[in-house]
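Numbering (full-length UniProt numbering), first residue to last: 1 to 75. Just so you know, even glycine gets a beta-carbon here, dropped at the ideal spot from N, CA and C. Nothing here was measured: the structure is a model prediction, and the numbers come from that model. First the structure, in the form of structure tokens, and then the observations on it.
The following block contains the structure:
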């Protein structure tokens with residue numbers, strides 16, 4: 001169920017996750033998610049959220065102005 005609109009109309013898809021860290025941007029592509037077909041809200045499963053946190057922590061160690069990471073290769 002969508003936490004934004006409370007509808008139960010979502011599909012499995014992938015998205016791009018972007019986070020600002022200090023003066024840098026980390027972009028993680030091809031992240032598995034659920035997308036609400038009513039309002040467009042993106043929902044990550046708990047295990048995906050945990051992996052995203054791990055990827056971001058690793059990326060912080062080699063921060064550049066922009067880091068683009070493929071989820072499937074890093075997870």
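* To do: Could you tell me the boundaries of the alpha helix (DSSP H) in which residue 9 lies?
  => Premise fails: residue 9 is in no alpha helix (DSSP H) and is neither H nor E.
* To do: Throw me the rounded Cβ distance for the residue 55 and residue 28 pair, which I believe falls under 8 angstroms.
  => 6 angstroms
* Burial state of residue 17 (16 or more Cβ within 10 Å) -> buried
* **Pick from 35, 14, 58 that is closest to residue 2, judged by C-alpha positions** => 35
* Cα-Cα separation, residue 39 to residue 6 -> 10 angstroms
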